[in-house]
Amino acid sequence: MDGYEIVLTADETLLAEYRNIPLGPFLSCIPSDPILSRAVHHLISPKSHANEEFLSLAPLGLRKFESALARDLGKDKVAVVSPKFIKKFIGEKTKVVGIHSMDPIGLGPVSTMFTMGGKYTPYTKYMTEKLLMQLPEDRNFKVVIGGPGSWQFEYKTEVAKQWGIDHIVIGECDRKAGEVMEQIIDGASTVIKIRDCPPAEEIPPNLGATMFSMVEVMRGCGRGCKFCQPNLRKARYIPHEIVRKDIEKNVKAGFSYVWVHSDDIFLYKVESKELYPNREAIEELFSFIMNIEGVKKANPTHGSLAPIAADPELITSLTKILGGNKNNWIGIQPGFETGSNILIEKTMPRKALPFSPSEWENVVFNAVKKLNENYWLPAMTLIIGLPKETEEDVIDTINLVKRLENAGFLFIVAPLAFVPLAAWRNEQFFDVEKEIDEARFNLIYYCWRHTIIEIDRLLPRLTSVGPFMKYMINFIAKFGSRAMLKRMEKWGKKQGYKIMRL
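To convert, take the position in the sequence shown, counting from 1, and add 15; that gives this note's numbering.
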């Protein structure tokens with residue numbers, strides 16, 4: 016077989032549906048021991064689009080790159096295929112094999128937390144290596160890593176060499192995809208950094224459907240948090256007609272819902288210097304989406320908490336547009352980051368806008384309260400080991416988690432290890448094994464204990480499976496989460512830590 020000039024794929028963890036369990040993809044970050052991780056993936060993710068030769072669904076970023084390449088070089092030269100069948104599409108014509116990545120080495124915050132700072136191998140790393148190791152050793156094509164996780168190979172260049180990776184592409188390729196491929200074929204440097212920031216009008220529509228029916232409506236942020244990669248990108252808003260085309264591709268593939276992706280949906284078309292939300296523009300966007308034929312449900316991926324507290328009526332209005340009710344909760348992933356007003360002021364003062372950093376604790380509380388009142392479930396993340404973090408900051412965070420819990424709010428909060436990116440790229444990774452202390456241990460413990468509460472309350476109605484499998488997943492989740500808590504208590508006791516009584 017002659018093969019395709021450019022063959023694109025992704026590792027199998029990015030092609031699984033995780034039974035539509037909210038935050039299910041995070042389970043791909045667990046350690047890849049011989050039994051547990053494979054059992055978990057067999058149970059929660061039996062359906063994988065990696066079983067198709069040509070991918071009917073692909074990660075959003077991979078679809079964007081495919082579209083840009085097809086525009087620049089021609090559709091007939093590009094194939095988006097399964098990692099299981101990739102060898103069938105590699106031939107004499109093949110010049111580049113491109114791999115889309117999310118957390119290829121396990122340096123992401125979730126993997127770092129789950130694997131004790133890399134002491135164990137996360138499933139994402141195991142599957143990425145498995146994909147790369149099956150490529151022919153005797154080859155005349157270049158192996159290229161791109162996607163949101165490609166930055167990890169800058170920190171671990173020896174891994175790239177060991178795995179046979181020729182080039183690492185970092186940045187937005189929408190306007191320069193063909194040019195980048197030519198550079199690679201002609202022998203570019205190992206690390207290719209693209210500084211380009213294409214206007215929204217030059218980001219092409221997808222050629223095919225996306226995993227989870229995810230559709231991009233915005234890029235970039237503007238809050239200025241030092242640890243955050245999206246903050247480095249200028250805010251741009253995808254034209255409605257491109258959004259429509261992308262949604263229609265997913266509807267044609269059988270989806271009736273849309274995951275509306277942005278770095279912060281509540282900054283959509285923001286005009287205020289104080290970052291007060293542009294309610295009219297946000298309402299218009301979601302009304303437009305819900306009126307597209309075939310769409311029955313939609314929810315945003317990411318959004319900050321401060322705009323919710325600043326304009327409570329925005330959430331009330333969006334709930335009506337999206338049809339939220341007690342039987343149809345709307346999910347969103349906000350950044351909690353810390354419960355310390357002082358640490359917010361030191362590290363990310365614009366996170367609280369239009370409020371001041373000294374109001375952060377109440378901003379979080381009032382935002383979660385408003386979300387719950389309107390049938391929104393926030394799945395929040397916080398960061399352990401931020402530069403300048405003190406024991407008092409950690410205790411403030413524990414107290415805020417408990418305050419939210421004592422109020423009876425429904426929420427998930429996941430503590431993640433600090434990863435040095437963006438303005439803090441020269442800082443050190445938080446070493447979970449070495450830098451954990453009693454306060455940080457208690458924060459992880461209380462967040463996990465709250466997760467058990469939410470598993471009991473929420474998982475039965477959030478799992479899209481048949482009765483028997485729902486029972487099995489619920490049973491294992493409840494049993495496993497409690498076993499993990501007991502194991503955590505035992506480990507803490509061994510270290511000499513005491514559980515704080517709050």
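For every residue, glycine included, the Cβ atom is placed at its ideal position computed from N, Cα and C.
According to DSSP, which residues form a beta bridge with R251? DSSP output for R251 lists R234 as bridge partner(s).
At least three beta-carbon pairs within less than 8 Å, the stretch 247-260 to the stretch 203-210: no
With which residues is V275 paired in a DSSP beta bridge? According to DSSP, which records beta bridges pairwise, V275 is partnered with V230 and P315.
Can you list the alpha helix (DSSP H) stretches of 4 or more residues lying completely in the stretch 384-431, in chain order? The stretch 384-431 contains these whole alpha helix (DSSP H) runs: 406-421.
Here's the rule: buried if 16 or more other CB atoms are within 10 angstroms of the residue's CB, otherwise exposed. What is K191? With 16 or more other Cβ atoms within 10 Å, it is buried.
Beta-carbon within less than 8 Å of I101's beta-carbon, same chain only, minus the 5 sequence neighbours each way: which residues are those? V22, T24, V112, L146, Q149 and L150
Quick check on this structure: which residue in A215, F433 and C236 has the alpha carbon closest to the alpha carbon of D279? C236
So, do the stretch 337-350 and the stretch 260-271 have three or more beta carbon pairs nearer to each other than 8 Å? no
DSSP three-state call for F351: helix, strand or coil? F351 falls in the strand class under three-state DSSP.
Alpha-carbon spacing of G193 relative to P364, whole angstroms: 40 Å
Looking at C-alpha atoms only, which residue of M395, A94 and E68 is the closest neighbour of T518? Since the first and last residues shown for the chain are 16 and 517, residue 518 lies out of range.
Between the alpha carbons of F483 and F444, how many angstroms are there, rounded? Caution is warranted here: a pLDDT of 46 is assigned to F483, below 50, making its placement in the model unreliable, and the coordinate value is therefore given only provisionally. Their Cα atoms are separated by approximately 42 Å.
Taking only three categories from DSSP, how would you classify V158? strand
Beta-carbon separation (whole angstroms), C188 vs A83, contact threshold 8 Å: That belief holds up - the Cβ atoms of C188 and A83 are roughly 6 Å apart, short of 8 Å.
Give a yes or no on whether the C-beta atoms belonging to P372 and N389 are separated by under 8 Å. Going by C-beta atoms, P372 is not nearer than 8 Å to N389.
With a cut-off of 8 Å on the beta carbons, I'd call P163 and G76 a contact; round off their distance for me. Correct: roughly 6 Å between the Cβ atoms.
Beta-carbon proximity of I160 to S116, cut-off 8 Å: yes
Leaving out five residues on either side along the sequence, give the residues of the same chain with a beta carbon under 7 Å from the beta carbon of T109. G18, Y19, E20, V22 and F156
Backbone secondary structure at I345 - three-state DSSP: strand
Quick one: is T331 buried, meaning 16 or more other Cβ sit within 10 Å of its Cβ, or exposed? T331 counts as exposed, since fewer than 16 other C-beta atoms from the protein chains shown sit within 10 angstroms of its C-beta.
State buried or exposed for S71, treating a residue as buried only when at least 16 other CB atoms are found within 10 Å of its CB. Looking at its Cβ environment, which holds fewer than 16 other Cβ atoms inside 10 Å, S71 is exposed.
Three-state secondary structure assigned by DSSP to T136: coil
Quick one: give me the first and last residue of the alpha helix (DSSP H) that V112 is part of. Not the alpha helix (DSSP H): V112 falls in the beta strand (DSSP E), residues V111 to H115.
Alpha carbon to alpha carbon, what distance is there between D153 and H317? 43 Å
Smallest Cα separation from Y460: which of K505, W439 and R440? K505
Can you tell me whether DSSP reads M142 as helix, strand or coil? Here M142 sits in helix by DSSP.
Simplified DSSP assignment, three categories, for F69: strand
What do you get for L517, buried or exposed, if any count of 16 or more other CB atoms within 10 angstroms of its CB means buried? exposed
Helix, strand or coil: which one does DSSP assign to L282? Looking at L282 - three-state DSSP - the assignment turns out to be helix.
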